[in-house]
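Novice:
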Amino acid sequence: MSNDIAAQLKGLKLHGMASTWPELLAQSRHTDFEPERFMKQLLMAETAERQVRSIAYQMTAARFPAHRDLKGFDFAQAHVDEALVRELSELSFLESAHNVVFIGGPGTGKILAQLKLLQRLGYMPVISDVPPAIIEHVCAVLGIRPLPRATLARYDRSGSKSRHQKILREFVRILPVDSAAHTWLAKLAANAARTKAELPDIVNVMLEELVRRRYELPPLATLTRIASQARSQLHESIYRAFVDSLDDTLKERVDALFLNRRGRTQWDELKREPKRPGPREIASFLEHIQAMNALANGLPPVPNMLSVPKRMQFVTEARALDVHEMRALKPAKRYTLALLFMLAQRQKALDDVAEIFIKTVRNLEHTAKLRLQQYQLAHADQLQSLVSQFRDILNVLQDDETPAAMRIAQMRAALNDDPDAVLIRCNEHIAQAGNHIFPFLLAPYKNLRSLLFQCVEQLSLKPSSQDDALLRALEWIKQLRMSRREYLLLSDTDLAQLPLDWLPEKWERCVLPDGRAARLLHRKYFELCVFSQVMRELNSGDIFVEGSDQYDDPREHQVSWAEFREELPRYSELVDFPVDSRAFVQKLKDELCALADKVDAGFPENDHVEIGAQGLILHRLDKKPDPPNRTLIDQAITASMRPVSILDILTETEQWLDLHRLFGPLSGFEAKVDDPRKRFITTLFCYGCNLGPTQTARSVKNLSRKQVAWLNLKHVTEERLDKATVKVINAYNQFALPKFWGSGKRVSADGTKWNLYEQNLLSEYHIRYGGYGGIGYYHVSDMYIALFSHFIPCGVHEAVYILDGLIKNASDVQPDTVHGDTHAQSAPVFALAHLLGINLMPRIRDIKELVFYKADRRRRYKNIESLFRASIDWGLIERHFPDMLRVAVSIKAGRMTPSTILRRLGSESAKNKLYFAFRELGRVIRTMFLLRYIDDPEMRQTIHAATNKSEQFNDFAKWLMFGGEVIAENIRHEQRKVIKYNQLVANMVILYNVQWMSRKLKALQDKGLPIDAEVLQALSPYRREHINRLGSYLLDLQRRAAPLDPSIDFSFESAA
-3 MSNDIAAQLK GLKLHGMAST WPELLAQSRH TDFEPERFMK QLLMAETAER
47 QVRSIAYQMT AARFPAHRDL KGFDFAQAHV DEALVRELSE LSFLESAHNV
97 VFIGGPGTGK ILAQLKLLQR LGYMPVISDV PPAIIEHVCA VLGIRPLPRA
147 TLARYDRSGS KSRHQKILRE FVRILPVDSA AHTWLAKLAA NAARTKAELP
197 DIVNVMLEEL VRRRYELPPL ATLTRIASQA RSQLHESIYR AFVDSLDDTL
247 KERVDALFLN RRGRTQWDEL KREPKRPGPR EIASFLEHIQ AMNALANGLP
297 PVPNMLSVPK RMQFVTEARA LDVHEMRALK PAKRYTLALL FMLAQRQKAL
347 DDVAEIFIKT VRNLEHTAKL RLQQYQLAHA DQLQSLVSQF RDILNVLQDD
397 ETPAAMRIAQ MRAALNDDPD AVLIRCNEHI AQAGNHIFPF LLAPYKNLRS
447 LLFQCVEQLS LKPSSQDDAL LRALEWIKQL RMSRREYLLL SDTDLAQLPL
497 DWLPEKWERC VLPDGRAARL LHRKYFELCV FSQVMRELNS GDIFVEGSDQ
547 YDDPREHQVS WAEFREELPR YSELVDFPVD SRAFVQKLKD ELCALADKVD
597 AGFPENDHVE IGAQGLILHR LDKKPDPPNR TLIDQAITAS MRPVSILDIL
647 TETEQWLDLH RLFGPLSGFE AKVDDPRKRF ITTLFCYGCN LGPTQTARSV
697 KNLSRKQVAW LNLKHVTEER LDKATVKVIN AYNQFALPKF WGSGKRVSAD
747 GTKWNLYEQN LLSEYHIRYG GYGGIGYYHV SDMYIALFSH FIPCGVHEAV
797 YILDGLIKNA SDVQPDTVHG DTHAQSAPVF ALAHLLGINL MPRIRDIKEL
847 VFYKADRRRR YKNIESLFRA SIDWGLIERH FPDMLRVAVS IKAGRMTPST
897 ILRRLGSESA KNKLYFAFRE LGRVIRTMFL LRYIDDPEMR QTIHAATNKS
947 EQFNDFAKWL MFGGEVIAEN IRHEQRKVIK YNQLVANMVI LYNVQWMSRK
997 LKALQDKGLP IDAEVLQALS PYRREHINRL GSYLLDLQRR AAPLDPSIDF
1047 SFESAA
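Quick note on numbering: the sequence shown equals residues -3 to 1052 in this note's numbering.
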């Protein structure tokens, strides 16, 4: 509407009114509207505009400006200071580096104030609303008296202001937002709305483009309105696309989800989570999958306009709504959310079935290993008896002087006159020899056979290569599922259908006991072999589940080859290595040779390492002593910090950062919660400290259990918790104190076990930690603050997720080096980290067991030759380098995460050539790291210190999780949220501690206490002596908190 009026004014040639109309309209929204004054301002603007145009016309007609120079200038007529003008013409003020300020007539202060505001803010606010300190500063620089507020208010109402602003825009080369800009802003917002759920995110996209195109920033309300309209129009078009694709039958099927039948609805059933995998639970869950498949059968495809982020937003919103809330929605939105949620739950259920299948086979093999160990322990005496009998027979055979008949009698006596019984025991031992678990698989398999078949029948399995022999074998055993014969004689037709080239050698003896030529196949062993191989190939990505998420086709997530070639030059600049295969290999080969030569030459002088009879030995480094004043300063800080409750810390930190503004309705609309700050702090306290809604409601007055839980369900997501964490990290990064602990360029990754109830799919028994639970995996900066968190099952290799934290980290702290515990020694992890431009430096355990690889097997080294046991296959790396680089580019483009590919590179697969290429490249990078590791004791010390910080953070986070040792959630996305809540609480406490430590340390330094860089480096923000976790809590939002002050400095440079 506003744009139309401006256009009509221009059409009437009222250009002055048209240019000032948007500004006057914006002002009227913040002040009382007075029609007479409003009209007068419009007329004044038009008059001024016409005067300017008249003068411009007259100057043009008079052929002004005329060229004049100092030589012919009449100073007497102009009444200007001739001496000053001539001095300025010589530019002498530049030599003395003095600023020259040209002061004009009335209005100069107001004009220059607007100029500085425009240059600083990108727009010119109402000048009477500008803080007085800014106006006073500008006036002081100009050497004029401060401008009264009344003068500024009159200027805001004058027509001169719009003329001055036009001149200022031209001076700084910035454009006003006109109707054309509104048009492209609307298109930009519509495009951003496809991937952004929150209005501020859409507004930020528009702001970035306005700045890039050098436009004056319009009022925030204007941008918010454009963003809101764009999002609403997109949502409506999505709703229409879904509804138009539904016939009456499908609508009735969706409506039936919300009908109450025996106290439950199908909508509630859709949200079912699998419990701990047991025979009954698996059978029940598979029935649930069948019902879900029936529901999803015939549903229309997802419209192309629906991006993945937008789809995730709708699914998250649907998951949080109960039956009554879904019924209250408009039909179009209800159908859309319901359909998307059905499709998402079906996709998730396929992941769950694949996970159940993998865990069942893995547990089956684990049970067989335990039974093998039990058998070996129980039959140790029998083995010793057989060996003793064999020794006695050998002694008899060596006695040539005794007659043969007597020797035979002695041998029979050695066998207790019962050679048949000894032969049976020998055959039993041979059957169990070789440490094979196969004979112990059959007994537990009997009870799980039916469930495993049900799992594979629910999954649409496809090969990710041309090799489909294993899947053909799977189809063959599915056809014979009802057979009861133990052995099957294979016909020519069977062999044509059933190629056995894929059969692992270790299985062949059990599956084909009489050899391939006999064609006699042991049916149950063959089934076990097929299931075992399917499990492994699902993990390696050689087989994928059609329609799944976690186990889908990995090729679908990669950029196309055309996109890859287009992105390659930019990627080469980013990672700083050649993208040509031959040049890349040659560079690595030269680096490995040069490094090995350097380490070999310096090895005799390296007192911290030696090669002994047992191999490579690294000597422990002496612990660096604490600075002499460290204890004194630490005690002084502790004594000066006032005791506070954990709730007080969360309240004060939240007031600094306004984190509650990040948590609104999942729909993205404006929140309608009373006292949102109080509700957010209480919810954060509840889940971040693991109190639970009931205990929180008892501890914090005037809140019910339902209110506490409601905000978590309706407003909080993992993504929003990550955004809040980023805001805390960015505030922390502004302080000087953390720079004494680290540069921010290093991060360490480590996991700690959190206990869970056993009745969920994520909970597994952890052998190292003991007990059921999951792993909270944290990336902790060398500045002590946690950058990212993830919650993973105990059975997953932690190194799979070590690179995710760096890729997903959106904070100002951007590390390029990651340290890990010993789990990060994997060669494929080293390879992928190198291709992503990440320096992987893990803690090394059992270094003598790791293989060092030569760049050239013909090279010989004087001092470290015994370390090398193999050489690199450079041809393999060169052949597959484009494929590996395409994976890295896909990760940088956001198509996949590092864990997606590392999960598939975690196990050796003959079909997966990419695995061998990544492993070979990883061997190169790991060998270079190991050479530096043994050569540089300070690097080992740095790695040790970094991983210690991870362990300290884990302990600190658990200390703050004082509400209980068990995460009392069985729903997986809620478990992940609890981990992120706890990380956010820990980071907020760390920020609070750094704020007060900085204040106290500065005060102590000002008092003359001996505080230097070494003392500060020895401190830590994981302080807890002043924090009261227990007792009664008072949520006092009226208490004035001291402002966040990151400007505190300590007058000397960090040595970090």
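Backbone N, C-alpha and C define an ideal beta-carbon position, used for all residues, glycine too.
For clarity, every value in this text was computed on a predicted model and none was experimentally measured.
Using 8 Å as the threshold, is the C-beta distance between D152 and I170 below it?
Specialist: Locating residue 152 in the sequence shown gives position 156, where the first residue counts as 1. Locating residue 170 in the sequence shown gives position 174, where the first residue counts as 1. Not in contact: D152 and I170 (Cβ atoms no closer than 8 Å).
Novice: The alpha helix (DSSP H) with E606 in it runs from where to where?
Specialist: As a working note, residue 606 is residue 610 in the sequence shown. From DSSP, E606 is part of no alpha helix (DSSP H) but of the beta strand (DSSP E) over V605 to G608.
Novice: For T16, name the three-state secondary structure that DSSP assigns.
Specialist: Translated into positions along the sequence shown, residue 16 becomes position 20. T16 falls in the helix class under three-state DSSP.
Novice: By Cβ distance, which residues of its chain are closer than 6 Å to E277, with the 5 residues on each side in sequence left out?
Specialist: Start at 1 with the first residue of the sequence shown, and residue 277 comes out as number 281. These residues qualify, in order along the chain: K271.
Novice: Have a look at T489 and E504 and give me their C-alpha separation to the nearest angstrom.
Specialist: Numbered from its first residue, the sequence shown carries residue 489 at position 493. Numbered from its first residue, the sequence shown carries residue 504 at position 508. The alpha-carbon separation between T489 and E504 amounts to approximately 20 Å.
Novice: Within the stretch 371 to 451, note down every full alpha helix (DSSP H) run reaching 4 residues or more, in order along the chain.
Specialist: 376 to 394, 400 to 410 and 415 to 428
Novice: Look up Y780 in the DSSP assignment and say whether it is helix, strand or coil.
Specialist: Residue 780 sits at position 784 when you count from the first residue of the sequence shown. Coil, per DSSP.
Novice: Taking C451 as the reference, which of M407, A350, S381 and C525 has the closest Cα?
Specialist: To locate residue 451, count along the sequence shown from 1; it is residue 455. Of the listed residues, the one whose Cα sits closest to C451 is A350.
Novice: To the nearest angstrom, how far is it from the Cα of R626 to the Cα of I633?
Specialist: Taking the sequence shown and counting its residues from 1, the one referred to as residue 626 is at position 630. Taking the sequence shown and counting its residues from 1, the one referred to as residue 633 is at position 637. Linking R626 to I633 through their CA atoms gives a straight-line distance of about 11 Å.
Novice: Taking the CB atoms as reference points, tell me whether L646 and M984 lie closer together than 8 Å.
Specialist: On the sequence shown, position 650 is the one that residue 646 refers to. On the sequence shown, position 988 is the one that residue 984 refers to. Taking 8 Å as the cut-off, the beta carbon of L646 is found closer than this to the beta carbon of M984.
Novice: Rounded to a whole number of angstroms, what is the C-alpha to C-alpha distance between M779 and P734?
Specialist: Here residue 779 is taken as the residue at index 783 of the sequence shown, counted from 1. Here residue 734 is taken as the residue at index 738 of the sequence shown, counted from 1. So the alpha carbons of these two residues sit roughly 5 Å apart.
Novice: Hey, is the stretch 590 to 603 in contact with the stretch 974 to 990, meaning 3+ C-beta pairs nearer than 8 Å?
Specialist: no
Novice: For F60, count neighbouring Cβ atoms within 10 angstroms of its own Cβ and tell me buried if that reaches 16, exposed if not.
Specialist: As a first step, residue 60 is located in the sequence shown; it is residue number 64 there, counting from the start. In this predicted model, F60 has a pLDDT of only 49, less than 50, meaning its place in the structure is not dependable; the value taken from the coordinates is given anyway. Exposed: under 16 other Cβ atoms inside 10 Å.
Novice: One question on the structure: do E1056 and R972 come within less than 8 Å of each other, judged by their Cβ atoms?
Specialist: Nothing in the structure corresponds to residue 1056, since the chain is present only between -3 and 1052.
Novice: So, for Q225: in the same chain, excluding its five sequence neighbours on each side, which residues have a beta-carbon less than 8 Å away from its beta-carbon?
Specialist: Taking the sequence shown and counting its residues from 1, the one referred to as residue 225 is at position 229. Counting only Cβ-Cβ distances below 8 Å, and skipping sequence neighbours, we find A182 and A185.
Novice: List the residues that DSSP assigns as beta-bridge partners of F864.
Specialist: As a first step, residue 864 must be located in the sequence shown, where it is residue number 868. DSSP output for F864 lists F848 as bridge partner(s).
Novice: Drop a sphere of 10 angstroms on the beta-carbon of D0, count the other beta-carbons inside from all chains shown, and report buried for 16 or more, exposed for fewer.
Specialist: Residue numbering aside, residue 0 sits at position 4 when the sequence shown is read from its first letter. Per the 10 Å Cβ criterion, exposed.
Novice: Indicate whether G155 and A14 have their beta-carbon atoms separated by less than 8 Å.
Specialist: Along the sequence shown, one-based indexing puts residue 155 at 159. Along the sequence shown, one-based indexing puts residue 14 at 18. No; because the gap between Cβ atoms is not below 8 Å, this pair is not in contact.
Novice: Quick check: what's the CA-CA separation for A469 versus H876?
Specialist: Here the question's residue 469 lines up with position 473 in the sequence shown. Here the question's residue 876 lines up with position 880 in the sequence shown. Going from the Cα of A469 to the Cα of H876 covers about 30 Å.
Novice: Determine whether the Cβ of F864 lies closer than 8 Å to any Cβ atom of chain B.
Specialist: Checking the listed chains, one finds no chain B in this structure; it contains a single protein chain.
Novice: Give me, in chain order, the residues of the same chain whose beta-carbon lies closer than 7 Å to that of F580; leave out the 5 immediate sequence neighbours on both sides.
Specialist: Along the sequence shown, read from residue 1 onward, the residue named residue 580 stands at position 584. Contacts found: F573, P574 and F877.
Novice: Compare the C-alpha of G740 against each of A782, K702 and A720 and name the closest.
Specialist: Taking the sequence shown and counting its residues from 1, the one referred to as residue 740 is at position 744. Among A782, K702 and A720, the Cα nearest to that of G740 is on A782.
Novice: Roughly how many whole angstroms lie between the Cα atoms of L1083 and A851?
Specialist: Because the chain spans -3 through 1052 in this model, residue 1083 falls outside it and cannot be assessed.
Novice: Per DSSP, which residues does I1023 bridge with? Please list them.
Specialist: As a working mapping, residue 1023 is identified with position 1027 in the sequence shown. DSSP, once it has assigned bridges, lists V640 as partnering I1023.
Novice: So, with DSSP's three-state summary, where would you put P933?
Specialist: As a first step, residue 933 must be located in the sequence shown, where it is residue number 937. Three-state DSSP puts P933 in a helix.
Novice: For D510, does the count of other Cβ atoms within 10 angstroms reach 16, so buried, or fall short, so exposed?
Specialist: Working through the sequence shown from its first residue, we reach residue 510 at position 514. Exposed, since its Cβ has fewer than 16 Cβ neighbours within 10 Å.
Novice: Can you grab the Cα-Cα spacing for the pair E845 / C589, in whole Å?
Specialist: Along the sequence shown, one-based indexing puts residue 845 at 849. Along the sequence shown, one-based indexing puts residue 589 at 593. Taking the straight line joining both Cα atoms gives about 22 Å.
Novice: Using the rule of at least 16 other Cβ atoms within 10 Å of the residue's Cβ for burial, across every protein chain shown, is N289 buried or exposed?
Specialist: Your numbering for residue 289 matches position 293 in the sequence shown. Answer is exposed; the Cβ neighbour count stays below 16.
Novice: Note down, in chain order, each residue of its chain lying with its Cβ closer than 6 Å to the Cβ of S544, except the 5 sequence neighbours on either side.
Specialist: In the sequence shown, the residue the question calls residue 544 occupies position 548. Within the same chain, S544 has close Cβ partners L346 and D347.
Novice: Would you identify the three-state DSSP class for Y211, choosing helix, strand or coil?
Specialist: Counting from one through the sequence shown, the residue named residue 211 turns up at place 215. Strand, per DSSP.
Novice: Leaving out the 5 sequence neighbours to the left and right, which residues in its chain are closer than 6 Å to P495 when beta-carbon positions are compared?
Specialist: Translated into positions along the sequence shown, residue 495 becomes position 499. Excluding sequence neighbours, P495 sits near A465.
Novice: In the DSSP assignment, find the alpha helix (DSSP H) that holds R505 and state where it starts and stops.
Specialist: As a working note, residue 505 is residue 509 in the sequence shown. Here the alpha helix (DSSP H) through R505 covers E501 to V507.
Novice: Given 8 Å as the limit, is there contact between the stretch 827 to 837 and the stretch 918 to 934, that is, 3 or more CB pairs closer than that?
Specialist: yes
Novice: So what does DSSP say about K192, is it helix, strand or coil?
Specialist: As a working note, residue 192 is residue 196 in the sequence shown. In the structure shown, K192 sits in coil (DSSP, three-state: anything other than H, G, I, E or B).
Novice: On the DSSP letters alone, give me the boundaries of the alpha helix (DSSP H) that F573 sits inside.
Specialist: Residue 573 sits at position 577 when you count from the first residue of the sequence shown. That residue, F573, is in no alpha helix (DSSP H); it is neither H nor E in DSSP.
Novice: Rounded to a whole number of angstroms, what is the C-alpha to C-alpha distance between K804 and A146?
Specialist: As a working mapping, residue 804 is identified with position 808 in the sequence shown. As a working mapping, residue 146 is identified with position 150 in the sequence shown. Distance between the alpha carbons of K804 and A146 is about 51 Å.
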